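Student: Shown below is the structure under consideration.
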Amino acid sequence: MFLYACSNESETTYVPPSDPLFSQMASGQTGIAFINKVTDDSSMNVFNYRNFYNGGGVAIGDINNDGLSDIYFTSNQQNNHLYLNKGNWAFTDITEKAGVGGQMAWSTGVTMADVNADGWLDIYVCNSGNIQGDKRKNELFINNHNNTFTEQAQQYNLADSGGYHTHAAFFDYDKDGDLDVYLLNNSYYPVDKITNRNIRNVRDPFAGDKLLRNDNGHFTDVSEQAGIYGSLIGFGLGVTIGDVNGDYWPDIYVSNDFFEKDYLYINQKNGTFKEDVDSCMEHTSQSSMGADLADINNDGWADIFSTDMLPESDERLKTTTRFDDFDFFNSKVKGSFHKQFLQNCLQLNNGNETFSEIAAFAGVNATDWSWGALLFDFDNDGWKDIFVSNGIYKDLTNQDYIDFLQSAATREKVIQAGRFDVAAFLDKLPSTPIPNYAFVNERNLQFANQSYTLGLGQPSFSNGAAYGDLDNDGDLDLVVNNVNQPAFIYRNNQERKAGNNYLRIKFKGSGQNTMGIGSQVKLWLGKEEIVYEQMLTRGFESSVDPVMCIGIGKAKVVDSMEVVWPNLKRQVLKGIRSNQTITLDQQHANQQAYPIPVGKALFSLAGSDLFSGDFLHHENAFIDFDRERLIPKMISTEGPKMAIGDVNGDGLEDVILGSAKEDSMKLFIQTGGRWKQSVQKAFERDKDYENIGLELADVDGDGDLDLLAASGGNEDVVGAYTLTPRLYLNDGKGNFSRSLDKLPSISVNVSCIRTVDVDNDGDLDVFIGGRSVPGMYGEIPQSYLLINDGKGVFKDVTSANAPALQKIGMVTDAKWVDFNGDGFKDLVVAGDWMPVMISINQHGILTEPRALSQSAGWWNTLTIADVDGDGDSDIIAGNQGLNSKIKVSPDKPGMLYIGDFDKNGQEECIPVYYKSDGKAYPFYLKGDLVQQLPSLKKKFLHYAAYAGKTMDEVLSPEQLKSAKQLKVEEFQTCLFINEGKSGFKKLPLPSVAQLAPVYSILVLDYNSDGNKDIIMGGNFFGLKPEVGRLDASYGVLLKGVGQGRFEFIPNLLSGLKVKDETRDIQLLKAANQKSYIVFARNNESIQIYKAN
């Protein structure tokens, strides 16, 4: 058992699991008794140095070349320590003899590297702090080959006196054969004095990052000419190096704290970098801490993981967290600070210069106040897992404490005392140790936290961490540096527990890069590809063992291994037996390495001249949250949709593009395989309408296509003229005029309008799907069935012919299809907080809708197709997806409670979701809740009073009893396979289809193999910052392989690269026998793809 102490001196017992994968080694056995002891006093504390509790780092490496890896710890206020590995898990503290304790006042990061290229590891220590008289010089301890070191930072120009250093990464960025260094700094400037000031291009000598080029042992600052930012707003906490675009040149990822965006520097192969995070990543962590870069899904591309401060538990979340409000978030985006959210980010590399952020889908988005991020293979199964070190010694963001500090009473007390009593105020800060997280790779882009089971779950205040094979048994052991606790030394027992095989690799580089930093290793085990990169600086303030350990599972022989050295020379080894140490010598690499060529993509962007005119959707500036603070998402950004058909009778397909309010619909007429805008005065006159539902149909039987348009947008209230459906009659030549007397007087916020001959009388009737009641989210709107009298005049027959449709739900889409083969088309409907429902058409009368089993979802779109080739109609339904912090299931559904809870005549809604502890909690934080429901303010005076409260503790039994309730239990985009009389079988589509909301689905056979294929598009941004942005999709191509099964075609191969929010996808046929795929995007131009 282990004891850990909190600040109130109470002790809590931690009982480790029996026989875990990682055994925590006792200091009595290892001889390692290191503690990074941090003590506040009046001259140095978290009030005058914000990074006071950031902790120190760890470096692992063999400093005496005896074949055993040694350990170096940095300490903030005391000496750093070096422990020599004597074998058999015994270490000796040689700090004093070695001369590596450090002379500066506050050490942070540490890196081991052979800086002087003599074949022996040197130690580079970064220093920071805010101590008067301390010069904050970094220290370079050059190895003397006898267990002693000489500090020579000044001689190498690596001292960087006065800087506020976090960490350093040695690598050969210009491929000249020696090690350069990226120096990561954390600005000293008070954050509140420069918040949202974009001074990124103004260099600061002490605050900004630096790139130093190795010029024959003298490091020269080339930051500015290389394109590296170095300003007052650089709050660097993590730097990780690796090849992200497959060109064998090292790129750089920098994690920045506070409001500054992270940096992704792409190596331009000419001594410069291009910072490209805005283009490559749709969003990043907000308070980015540590980061690591490795291939987590064995597809050959390096993925990036960054840590942040989002708590997992409801209690921690609601006592320590405050999110940006919607307007402030958008102001930061406009200020060029990118889209940042308070969460860990797992950036999945798509191989086409884009990343999909999937941390919520992967289950790794919330690990509390996190520091170290390490991607490594815990059990040698060939798949990289994720370790996160976390904890902050004082809960600096405790919201009750912040209120206490800012209160008038506290200010008055300080004024009366004439001083700020640091000790007294710090004593009031809670101190909460948190278990580290250890996520096991489940090989499907998802991870499971098994920290306790693995032996890594002791509550702590952990910061830097590093891995290395400390006992030479072929698996990776783990070392963690803690604040005010003994360091953790973990022995990996996989050889006994899992029995997986391995290869240990040592690098013998030629020239000045003796350890082959930057080398890439690829192993093939049958069809399985495993990729590693020799980079030592990883995680937070730490560096890992230069001896590379690669797990290969149960394989006894590696089919082949390719090594690409930093000089772009490669060598290939074949038939390598497992469980051995291999020394790779760069001199044996005599083949030239070239990036793997990518074949021609299936689709590519068509010429920009296909459309002329205004084909940009202009979203109006309406924020749903300003009116309803507690709604789960905006409804006002669900357009545009398109309507395609021949409107001028020339046999060619034309396009109508829907519009937001304050804009008009656009008609594009096809001529000679191109589309030109045809201005329609009738459309221009109706700019007050938000045109969401569009349908081209010959409603008056005159042989041409008329246009039915229905309004949405969620802005205007029911009863407003701007919510009336409209009919535009076609003169046969593509000129439209609005008819004012053909439709009944209806005012409804609509999602879709669908025509069909419901009664088989030879004319087209209409279903109108009600989306919402504006201003009353959760209230069920009216939907309508309109019958055509044969002359294009419509009558509302809903109450008589389809009474159950009147309040069917918050409809988002509907389709007509004859499911039972009786010649009458039935209606399938889906929407928010409702199941997929089918109403059978009995000769023009629609029956009570039947809900498909366990299908209550946040559905966005429906498509009908025979996907399994059995001759009947199946349903493809686009849903919310699984890449969100909101999780639902049939046994743990999301709930929406609707009622006038404070009796002010206005209904409110409260969304409630389950968390990982198996309990359901109101989603929003105290601030939003009491602003919407001021009556709860007295009940929850403090944040702690609200935190961890379930719904029956927030509302009274009477309030709960009177509340209307809606349920959601399924977020996956699904197939519903028609099994005839047996009903429909629900089949979730592949995991990549679940990475973002799906708003449109196109079924086609792109490869003419007879199997239906699917193209999907979506994403959704209309969410509060506490939810984030659902933006991981760039268009998804699923190839049909028969019997309703599909395989994902990676975007690198499909060619799809559709950013932003897709709302509609249509296949458009041109006069020249070509077909195009048109993506309509919210607040963006349409994007057009062609088959190659």
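Each residue of the sequence shown is one higher than the one before, starting from 1 at the first, in full-length UniProt numbering. The beta-carbon is built from N, C-alpha and C at its ideal position, and this holds for glycine as well. Predicted, not measured: the structure shown is a model, and the values here were computed from it.
1) Using 8 Å for Cβ pairs, my map puts N463 next to E541. What's the rounded Cβ distance?
2) Answer with yes or no whether the minimum CB distance from L568 to chain C is below 8 Å.
3) Rounded to the nearest angstrom, what separates M1 and V479 at their Cα positions?
4) For the beta strand (DSSP E) that Q680 lies in, which residues bound it at each end?
5) To the nearest angstrom, how far is it from the Cα of E779 to the Cα of I1001?
6) How about the stretch 1030 to 1045 and the stretch 1008 to 1018: do they share at least three Cβ pairs that are nearer than 8 Å?
7) Quick one: Cα of S10 to Cα of A291, how far?
8) How far does the alpha helix (DSSP H) with P957 in it extend, from its first residue to its last?
9) Is the separation between the beta-carbon of G658 and that of I692 shorter than 8 Å?
10) Once DSSP output is grouped into helix, strand and coil, what is the label at E315?
11) Is the stretch 823 to 836 touching the stretch 856 to 864 in the sense that three or more CB pairs, one from each, lie closer than 8 Å?
12) G831 lies in the beta strand (DSSP E); which residues open and close that run?
13) Mind checking whether E638 and G712 have CB atoms under 8 Å apart?
14) Three or more beta-carbon pairs under 8 Å between the stretch 242 to 252 and the stretch 266 to 281, yes or no?
15) Note down the Cα distance separating R213 from G775, rounded to an integer number of angstroms.
16) Pop quiz: L743 and V756 are said to be a contact at Cβ under 8 Å. What is the actual Cβ separation, rounded to whole angstroms?
17) Based on the DSSP output, what are the partners of L470 in its beta bridges?
18) Helix, strand or coil: how does DSSP classify R627 here?
19) Would I886 and L630 qualify as a contact pair, given that the criterion is a beta-carbon distance under 8 Å?
20) What distance in whole Å lies between the Cβ atoms of V758 and N883, which are believed to be in contact at a cut-off of 8 Å?
21) What residues in its chain sit with their C-beta under 8 Å from that of D698, if we drop five residues either side in the sequence?
22) Between K137 and A105, which are expected to be in contact by the criterion C-beta below 8 Å, what is the C-beta distance as a whole number of angstroms?
23) Could you tell me whether the stretch 203 to 217 touches the stretch 163 to 183, using the rule of 3 or more Cβ pairs below 8 Å?
24) Would you check if the stretch 988 to 1005 and the stretch 790 to 810 touch, i.e. whether three or more CB-CB distances between them fall below 8 Å?
25) Between the Cα of residue 1094 and those of L694, S747, F683 and S751, spot the shortest distance and give me the residue it belongs to.
26) Can you tell me whether G927 is helix, strand or coil according to DSSP?
27) Buried or exposed for I875, going by 16 or more other Cβ atoms inside 10 Å?
28) Expressed to the nearest angstrom, what Euclidean distance is found between the alpha-carbon atoms of A438 and W369?
29) M895: which of V867, L966, L846 and G881 sits nearest, CA to CA?
30) List, from N- to C-terminal side, the beta strand (DSSP E) runs of 3 residues or more that fit wholly inside the stretch 141 to 204.
31) With three or more C-beta pairs closer than 8 Å as the rule, is the stretch 1043 to 1054 touching the stretch 597 to 608?
32) What residue range does the alpha helix (DSSP H) around T581 cover?
33) Just verifying my parser: in three-state terms, what is the DSSP assignment at T410?
34) What does a CB cutoff of less than 8 Å around Y4 pick up in its chain, not counting 5 residues either side in sequence?
35) Would you list the residues sitting across from E528 in a DSSP beta bridge?
36) So, for Q343: in the same chain, excluding its five sequence neighbours on each side, which residues have a beta-carbon less than 7 Å away from its beta-carbon?
Tutor: On the basis of the data shown:
1) Along the sequence shown, read from residue 1 onward, the residue named residue 463 stands at position 463. Along the sequence shown, read from residue 1 onward, the residue named residue 541 stands at position 541. About 7 Å separates the CB atoms of N463 and E541; that is less than 8 Å, so the two are in contact.
2) Of the protein chains in this structure there is only one, and it is not chain C.
3) As a working mapping, residue 1 is identified with position 1 in the sequence shown. As a working mapping, residue 479 is identified with position 479 in the sequence shown. Bear in mind that the predicted position of M1 carries a pLDDT of just 37, short of 50, making it unreliable; the figure below should be weighed with that in mind. A direct Cα-to-Cα measurement between M1 and V479 gives close to 19 Å.
4) Position 680 of the sequence shown, counted from the first residue, corresponds to residue 680. From DSSP, Q680 is part of no beta strand (DSSP E); its letter is neither H nor E.
5) Counting from one through the sequence shown, the residue named residue 779 turns up at place 779. Counting from one through the sequence shown, the residue named residue 1001 turns up at place 1001. Per the coordinates, the alpha-carbon of E779 lies some 28 Å from the alpha-carbon of I1001.
6) Touching, yes.
7) Along the sequence shown, one-based indexing puts residue 10 at 10. Along the sequence shown, one-based indexing puts residue 291 at 291. Only weak support is given to the placement of S10: the predicted model assigns it a pLDDT of 38, under 50, and the value that follows is read from those uncertain coordinates. Taking the straight line from one Cα to the other gives about 33 Å.
8) Position 957 of the sequence shown, counting from 1, holds the residue named residue 957. Per DSSP, P957 belongs to the alpha helix (DSSP H) from P957 to S962.
9) The residue you call residue 658 lines up with position 658 of the sequence shown. The residue you call residue 692 lines up with position 692 of the sequence shown. With contacts defined as CB atoms closer than 8 Å, G658 and I692 qualify as a contacting pair.
10) The residue you call residue 315 lines up with position 315 of the sequence shown. The answer is helix: DSSP assigns E315 an H, G or I state.
11) Contact check between the stretch 856 to 864 and the stretch 823 to 836: three or more CB pairs, one atom from each, fall below 8 Å, which counts as touching.
12) For the purposes of this step, residue 831 is taken as residue 831 along the sequence shown, with counting starting at 1. D826 to M834 is the extent of the beta strand (DSSP E) around G831.
13) Mapped onto the sequence shown, residue 638 falls at position 638. Mapped onto the sequence shown, residue 712 falls at position 712. Pairing E638 with G712 gives a Cβ-Cβ distance under 8 Å.
14) Yes, the stretch 242 to 252 touches the stretch 266 to 281.
15) One-based indexing of the sequence shown puts residue 213 at position 213. One-based indexing of the sequence shown puts residue 775 at position 775. So the alpha carbons of these two residues sit roughly 60 Å apart.
16) Position 743 of the sequence shown holds residue 743. Position 756 of the sequence shown holds residue 756. A Cβ-Cβ separation of about 16 Å leaves L743 out of contact with V756 under the 8 Å criterion.
17) Position 470 of the sequence shown, counted from the start, is the residue given in the question as residue 470. According to the DSSP secondary-structure assignment, L470 is paired through a beta bridge with no residue.
18) Walking along the sequence shown from the start, residue 627 turns up at place 627. In this structure, R627 counts as coil in the three-state DSSP scheme.
19) To locate residue 886, count along the sequence shown from 1; it is residue 886. To locate residue 630, count along the sequence shown from 1; it is residue 630. Contact flag unset, no.
20) Locating residue 883 in the sequence shown gives position 883, counting from the first residue. Locating residue 758 in the sequence shown gives position 758, counting from the first residue. Contact between N883 and V758 does not hold, since their C-beta atoms are separated by about 38 Å, which reaches or exceeds 8 Å.
21) Counting from one through the sequence shown, the residue named residue 698 turns up at place 698. Hits under 8 Å: D704, L705, D706 and L764.
22) Here residue 137 corresponds to residue number 137 of the sequence shown, with the count starting at 1. Here residue 105 corresponds to residue number 105 of the sequence shown, with the count starting at 1. K137 to A105, Cβ: 10 Å. No contact.
23) For the pair of segments examined, the stretch 203 to 217 was found to touch the stretch 163 to 183: the number of CB pairs separated by less than 8 Å reaches three.
24) Counting C-beta pairs with one atom in each stretch, the stretch 790 to 810 and the stretch 988 to 1005 have fewer than three that are closer than 8 Å, which means they do not touch.
25) Coverage of the chain is limited to positions 1 through 1092, which leaves residue 1094 absent and any answer about it impossible.
26) Looking up residue 927 in the sequence shown gives position 927. Under the three-state reduction of DSSP, G927 is assigned to helix.
27) Within the sequence shown, the letter at position 875 stands for residue 875. By the neighbour-count definition (other C-beta atoms within 10 Å, threshold 16), I875 is a buried residue.
28) Position 438 of the sequence shown holds residue 438. Position 369 of the sequence shown holds residue 369. Each residue's alpha carbon lies about 15 Å from the other.
29) Taking the first residue of the sequence shown as 1, we reach residue 895 at position 895. Out of V867, L966, L846 and G881, L966 has the C-alpha closest to the C-alpha of M895.
30) Unbroken beta strand (DSSP E) stretches of 3 residues or longer found wholly inside the stretch 141 to 204: 149 to 151, 165 to 171 and 180 to 185, given in chain order.
31) The way I'd put it, the stretch 597 to 608 does touch the stretch 1043 to 1054; three or more beta-carbon pairs between them come closer than 8 Å.
32) Residue numbering aside, residue 581 sits at position 581 when the sequence shown is read from its first letter. Element bounds for T581: not the alpha helix (DSSP H) but the beta strand (DSSP E), Q580 to D585.
33) Taking the first residue of the sequence shown as position 1, residue 410 is located at position 410. Assigned with DSSP and collapsed to three states, T410 falls in helix.
34) Here residue 4 corresponds to residue number 4 of the sequence shown, with the count starting at 1. Here Y4 scores only 37 on pLDDT, less than 50, and its place in the model is too uncertain to base an answer on.
35) The residue labelled residue 528 in the question sits at position 528 within the sequence shown. Paired residues: L525.
36) Counting from 1 along the sequence shown, the entry for residue 343 is found at position 343. S285, D308, L310, A359, N365, A366 and G1028, listed in sequence order.
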